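S.K.: These protein sequences, in sequence, are chains A and B. The numbering of the first sequence is the working numbering, which starts it at 1 and goes up by one. The numbering of the second sequence is the working numbering, which starts it at 1001 and goes up by one. Where a beta carbon is used, it is the ideal one built from N, C-alpha and C, also for glycine. Just so you know, these numbers come straight off a predicted model, no measurement behind them.
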Amino acid sequence: MLFNSVQFLFFLPIVLILYFVLKDTKQRFMLLVASFYFYMAWNAYFIFLLLFSIVIDYFAALILSKLDRQDPNRKIYLIVSLVTNLGFLAYFKYTNFIIEVLSDIHLFSSRDFTSLDIILPVGISFYTFQSMSYTIDVYRGKIEAEKSFLDFALYVSFFPQLVAGPIVRAETFFRDLKNRLPVDADVIRFSFAQILLGFTKKVVMADNLAIVVDSVFSNHSSMNSIEIWTGVFAFMWQIYFDFAGYTDIAIGVARLFGFQFDVNFYFPFNVRSISEHWSRWHISFTSWIRDYIYIPLGGSKGSRLLVHRNIMITFVFGGLWHGAAYHFLAWGLWHSTMLSVEREYSATDLSKWLNQKGGILYDLFCRIFTMICLGAGLPFFRSETMRDAWSMLGKMFFVSPNSYSQSFQNLNYFKLVVICFVTGYVFEKFQLKRIVVSTALFTLFILGNFFLLLSFGVREAKNFIYFAF
Amino acid sequence: MISNSFICLSSKSFFLTILHAVRISSMPFAMNPSILKEYLKFLKNPAILRSLVIILVIEIILQLGCYRKFLKRNSYAANINRILDHVISKKNEMDPNVLIVGTSLAYQGLSVPLLNERLSGIGLKVQSIAIPGSELVVQELALEKVLLHFKKIRYIIHVNEAELPWSTDRRPLEPTMAMVSELDRVSALRKLYEYNYDVRLPDLFFLYFRLVAYRNDFGDLVLNPDKRIKAYGRERILQNSNFYEYDNQKSESLDLYDFKNIKECLEKTSSSSEVKKGSDSFHKHSIFKTCEQAEIFGASFSKTDETELYFKRLNHLYQFAKKNDIIIINVFQPMPYYLDFIDYPTRIEFWKEHYRDNLGNHILNLNSIISSEESPKYFYDLIHLNRKGKEIFSNSLADSILLLKKRGEL
């Protein structure tokens, strides 16, 4: 079920009413049934996959918590959990990519490989990561295994975060589940504002930018450098508004049920460095790969070469998490390269001196340069093939012959991107907490969002981009 | 199918589970009073109440029609208001007994002053309520509105579009909704159902709430306030004192772009191509859009559910006219079929053969009054005539009507 659908407009109030009518176990059972229904509205069969993952991780964690920490069998149960989750992910998400790679390296040259018709279960990358983090944390002794199957099932499948995150840690979820946060008028007001803002980000900003982005990425061969950069920056803002919009709605809805999820985005494009970008973009995912991949690999400890290797493995994994294709792999490599270069540069005397003496000019340069670097990676992220991505990059950096074409057809699109930049800044600058406490500001906020949704909202309910990951 | 039934089953079981849960938890229904109080407190928040009051006040102002004059010029809603208001306001100067009904083809293709000049000798007074982009239901509602003011109407000249039966939609299009919501909305809803439209909840919101109906207009107002103010000022200064609302004076023609087929047309009028001397960007874009449409429609056609539906709708309009003792003169306008993008003559035969009962009392096929070789000079774009073409079509229509009169058939 989409948040931006008529179905959800009826679904949420019904579930909220039932939630406040019921108590304790019945309440949690109702939430679980509602979450399953939310998921099944997309494809009923894949609920079995979700259930299977829940059952395996539930029992694996229970057994892990009962075994002595020195018991060598503990590793086996962890592996069972990881193999189950990663196995599902590998089959549904990576089978065709593996076939493509094998075919490309002519490993089985005598055979003819054709891709399989596999439907990617929506949200599989999110709920498997959430579930895996739980068993790993239990294995590490960081948290206790959850005794109640109902509670654990609800943790994995809670509908606000089920299909596109944020990837909530078990610690956070069970803390709130056991001691539900009070829902008073102030909380309802804040959640309402956050949900409304989420809808505006998605339906007004992201869906309108999608028109520009689709046009540029499908017609890039006839466009010049500036037009392609416009499309690339438009895409940058589209994915931000799309995903941040979804997260706002998810966090707002969860808060109405007494759960407090952490912030997932914090103005990720107005940053001075790539590492700062990653500390503000899809925070729940970034912290996941940091805690469960980068640090176990050795993190920042060890030789410089080892650290760069760790960064590369982590971001290649991050790229492939977003999609099984060469261009996602290239995107991950691009980010790991930028982070490695940045790490080396920030250790130099020049960097330290410029940070101290560079003032506002250096600050501005860093922000613009970071944005260009982030933009340069996006053709890999959005293009259908590597060939398209290279072709776009060629024009963006004036390598292709017709990069200099005089005509510029996207002036209005360019204006739109500037509007998005300003709006994005305003959204973050005037924090919701400040808005909702002032009657005048809150009135303006409601009316502003209402008229934006009414006048500029794209009526056709479009999928959230991160549903595909 | 299995998946759908599974979802139905699962949704059923979902609600059964919930019903059961409600029953066992608390009888009678007992929502936590404190949370209910908090939600009520939230709803009573001054910001929420103020916002609701402001939205309500704006809706009332819009319902009173205060915004009608400020609608975007040439938007569908503005067009229908402007055309019908003008025609009705000029009743003292022109109380017609002939009405031209149709879409932009009739709007651009027929000259009201010229027809009056030619037909006044036989006692005919012609006025036009042709509205660009209007589907049949809009035409009927517009007719219904003007018939309340014009009691002498005896004839309707209905200009048909030969390709329309193949482009019928079950859902009311947004331009249609924009236009019908400017007319009698109770009648509009009834007629939408009678015309077999698939009317849904958002359509009802569109029909009855002005904030919804004008949402695109507000968007344009925010993005282009300068253009809107200029257009409003210009309209105030240049008041139309003629009894007719419009008479096509466009001199641009198809031959400026010199193309022989649709593919060439799309190439020569694309956004990156140059604007030819004697043309402008609007003209070029207009040709491009009509060529694009022609490419979509293609040349093939057959009798389908959609064509059946179209003729049912056409029949509804004609029955409405007949109930008001009005004679229908059915006209097919000239087409530049030298391009061979749509086989118009065969299509018109298709109309006549398959749907003879639905057509009007008189059928005037003026489809080929402009020769293939000459037609590029007389068309503004692929379907609309320019000034010269309009004169030929209007004169030819006047000749045909005079002939009908002479034969005593009118």
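Check the Cβ-Cβ distances between PHE1218(B) and every residue of chain A, and say whether any is below 8 Å.
M.R.: In the second sequence, residue 1218(B) corresponds to position 218, counting from 1. Interface residue, yes.
S.K.: Can you give me the Cβ contacts of VAL203(A) inside the same chain, cut-off strictly under 7 Å, excluding the 5 residues immediately before and after it?
M.R.: Here the question's residue 203(A) lines up with position 203 in the first sequence. Same-chain partners within the cutoff: ASN4, LEU453, GLY457 and VAL458.
S.K.: Below 6 Å CB to CB, which residues in the same chain sit around SER1281(B) once its five sequence neighbours on both sides are set aside?
M.R.: The residue you call residue 1281(B) lines up with position 281 of the second sequence. VAL1275.
S.K.: Taking only the alpha-carbon atoms, compute the straight-line gap between MET132(A) and LYS75(A) and give it to the nearest angstrom.
M.R.: Numbered from its first residue, the first sequence carries residue 132(A) at position 132. Numbered from its first residue, the first sequence carries residue 75(A) at position 75. The straight-line gap from Cα to Cα measures roughly 14 Å.
S.K.: Near VAL1159(B), which residues of its chain fall below 6 Å by C-beta distance, leaving aside the five closest residues on each side in sequence?
M.R.: Taking the first residue of the second sequence as 1, we reach residue 1159(B) at position 159. Excluding positions up to five away in sequence, the list reads GLY1102, LEU1105, ALA1106, VAL1331 and GLN1333.
S.K.: Assuming contact is defined by CB atoms lying nearer than 8 Å, are LEU1211(B) and VAL1180(B) in contact in what I supplied?
M.R.: Walking along the second sequence from the start, residue 1211(B) turns up at place 211. Walking along the second sequence from the start, residue 1180(B) turns up at place 180. Cβ distance not < 8 Å, so LEU1211(B) and VAL1180(B) don't count as in contact.
S.K.: Mind checking whether LEU1136(B) and LEU1314(B) have CB atoms under 8 Å apart?
M.R.: For the purposes of this step, residue 1136(B) is taken as the residue at position 136 of the second sequence. For the purposes of this step, residue 1314(B) is taken as the residue at position 314 of the second sequence. Yes, these two residues count as a Cβ contact at 8 Å.
S.K.: Which residue's Cα is closest to the Cα of PHE88(A): ILE118(A), GLY358(A) and ALA193(A)?
M.R.: Reading the first sequence from its first residue, position 88 is the one you call residue 88(A). Nearest option by C-alpha distance: ILE118(A).
S.K.: Note the first and the last residue of the continuous alpha helix (DSSP H) segment covering HIS322(A).
M.R.: On the first sequence, residue 322(A) is found 322 positions in, with the first residue counted as 1. Segment 304-322, the alpha helix (DSSP H) holding HIS322(A).
S.K.: Which one or two residues does DSSP pair with GLN1249(B) in a beta bridge?
M.R.: Against the second sequence, residue 1249(B) aligns to sequence position 249. Partner(s): none; GLN1249(B) has no beta bridge.
S.K.: Quick one: Cα of THR230(A) to Cα of SER222(A), how far?
M.R.: One-based indexing of the first sequence puts residue 230(A) at position 230. One-based indexing of the first sequence puts residue 222(A) at position 222. Taking the straight line from one Cα to the other gives about 14 Å.
S.K.: Buried or exposed, going by whether 16 or more other CB atoms sit within 10 Å of the CB of VAL341(A)?
M.R.: As a working note, residue 341(A) is residue 341 in the first sequence. VAL341(A) comes out exposed.
S.K.: Please decide whether LYS1352(B) counts as near chain A, where near means a Cβ-Cβ distance under 8 Å.
M.R.: Locating residue 1352(B) in the second sequence gives position 352, where the first residue counts as 1. At a cut-off of 8 Å between C-beta atoms, LYS1352(B) does not count as an interface residue with respect to chain A.
S.K.: Roughly how far, in whole angstroms, is the beta-carbon of ALA34(A) from the beta-carbon of VAL15(A), given that I think they are within contact range, below 8 Å?
M.R.: If you number the first sequence from 1, residue 34(A) lands on position 34. If you number the first sequence from 1, residue 15(A) lands on position 15. Contact holds; Cβ gap of about 5 Å.
S.K.: Just to make sure I have the definition right: I need the residues of chain B whose C-beta is within less than 7 Å of the C-beta of ASP184(A). Which are they?
M.R.: Working through the first sequence from its first residue, we reach residue 184(A) at position 184. What ASP184(A) touches in chain B: GLU1038.
S.K.: Could you give the first and the last residue of the continuous beta strand (DSSP E) run that contains ILE118(A)?
M.R.: Position 118 of the first sequence, counting from 1, holds the residue named residue 118(A). Looking at the DSSP string, ILE118(A) is not in any beta strand (DSSP E), and its letter there is neither H nor E.
S.K.: Would DSSP call SER1128(B) helix, strand or coil?
M.R.: In the second sequence, counting from the first residue as 1, residue 1128(B) sits at position 128. Strand, per DSSP.
S.K.: Would you say ILE1329(B) and TYR1155(B) are within 8 Å of each other, going by their C-beta atoms?
M.R.: Taking the second sequence and counting its residues from 1, one reaches residue 1329(B) at position 329. Taking the second sequence and counting its residues from 1, one reaches residue 1155(B) at position 155. Contact flag set, yes.
S.K.: Sorry if obvious, but does the Cβ on LEU49(A) come closer than 7 Å to a heavy atom of the ligand SAM?
M.R.: This structure lacks the ligand SAM, and indeed carries no ligand of any kind.
S.K.: Report the neighbours of PHE46(A) on chain B: residues whose CB is nearer than 8 Å to its CB, in chain order.
M.R.: Residue 46(A) sits at position 46 when you count from the first residue of the first sequence. Those do not exist, as PHE46(A) stays about 10 Å from chain B at its closest Cβ, beyond 8 Å.
S.K.: Classify GLN1239(B): buried if its beta carbon has 16 or more other beta carbons within 10 angstroms, exposed otherwise.
M.R.: Numbered from its first residue, the second sequence carries residue 1239(B) at position 239. Counting the other CB atoms within 10 Å of its CB gives GLN1239(B) a total below 16, which places it among the exposed residues.
S.K.: Can you give me the Cβ contacts of PHE450(A) inside the same chain, cut-off strictly under 6 Å, excluding the 5 residues immediately before and after it?
M.R.: Indexing the first sequence from 1 puts residue 450(A) at position 450. Contacts found: none.
S.K.: Apart from the five residues just before and just after ILE293(A), which ones in its own chain have a Cβ nearer than 8 Å to its Cβ?
M.R.: In the first sequence, counting from the first residue as 1, residue 293(A) sits at position 293. These residues qualify, in order along the chain: ILE313, THR314 and PHE317.
S.K.: Report yes or no: do three or more beta-carbon pairs, one from the stretch 38-57 of chain A and one from the stretch 169-178 of chain A, lie closer than 8 Å?
M.R.: no
S.K.: Whose CA, out of ILE1088(B), ILE1401(B), ASN1079(B) and CYS1066(B), lies closest to the CA of PHE1243(B)?
M.R.: Taking the second sequence and counting its residues from 1, one reaches residue 1243(B) at position 243. The candidate whose alpha carbon is nearest that of PHE1243(B) is ILE1088(B).
S.K.: Just to confirm, is the Cβ distance from ALA145(A) to SER65(A) under 8 Å?
M.R.: As a first step, residue 145(A) is located in the first sequence; it is residue number 145 there, counting from the start. As a first step, residue 65(A) is located in the first sequence; it is residue number 65 there, counting from the start. Yes, the pair counts as a contact, with Cβ atoms nearer than the cut-off.
S.K.: Are at least three pairs of beta-carbons, each pair with one atom in the stretch 88-106 of chain A and one in the stretch 171-180 of chain A, less than 8 Å apart?
M.R.: no
S.K.: Please specify which runs of the alpha helix (DSSP H), each continuous and at least 4 residues long, are wholly inside the stretch 50-91 of chain A, giving them in chain order.
M.R.: 73-89
S.K.: Per DSSP, ASN1365(B) is paired with what?
M.R.: Counting from one through the second sequence, the residue named residue 1365(B) turns up at place 365. DSSP output for ASN1365(B) lists PHE1332(B) as bridge partner(s).
S.K.: Measure how close the beta-carbons of ARG1190(B) and ASN1395(B) come, nearest whole angstrom, since I'm counting them as under 8 Å.
M.R.: By one-based count along the second sequence, residue 1190(B) stands at place 190. By one-based count along the second sequence, residue 1395(B) stands at place 395. In fact, because the Cβ distance is near 40 Å, the residues do not count as touching under 8 Å.
S.K.: For SER284(A) versus GLY165(A), is the C-beta spacing smaller than 8 Å?
M.R.: The residue you call residue 284(A) lines up with position 284 of the first sequence. The residue you call residue 165(A) lines up with position 165 of the first sequence. In this structure, GLY165(A) lies closer than 8 Å to SER284(A) by Cβ.
S.K.: What does DSSP give as the partner residue(s) for ILE1100(B) in the beta ladder?
M.R.: Here residue 1100(B) corresponds to residue number 100 of the second sequence, with the count starting at 1. According to DSSP, which records beta bridges pairwise, ILE1100(B) is partnered with SER1128(B) and ILE1157(B).
S.K.: Along the chain, where does the alpha helix (DSSP H) that runs through MET1(A) open and close?
M.R.: For this step, residue 1(A) is matched to residue 1 along the first sequence. Counting along the chain, MET1(A) falls outside any alpha helix (DSSP H), and DSSP gives it neither H nor E.
S.K.: Residues in its own chain within less than 6 Å of ALA1021(B) by CB, not counting five upstream and five downstream?
M.R.: Here residue 1021(B) corresponds to residue number 21 of the second sequence, with the count starting at 1. Because the pLDDT of ALA1021(B) is 42, which lies under 50, any placement of that residue in the model is unreliable, and the number read from its coordinates should be weighed accordingly. Answer for ALA1021(B): no residue qualifies.
S.K.: Based on DSSP bridge pairs, tell me the residues matched to ILE1327(B).
M.R.: The residue labelled residue 1327(B) in the question sits at position 327 within the second sequence. Answer is TYR1155(B), bridged to ILE1327(B).
S.K.: State the start and end residues of the unbroken alpha helix (DSSP H) segment that holds PRO1046(B).
M.R.: Locating residue 1046(B) in the second sequence gives position 46, where the first residue counts as 1. Note, PRO1046(B): alpha helix (DSSP H), 1046-1063.
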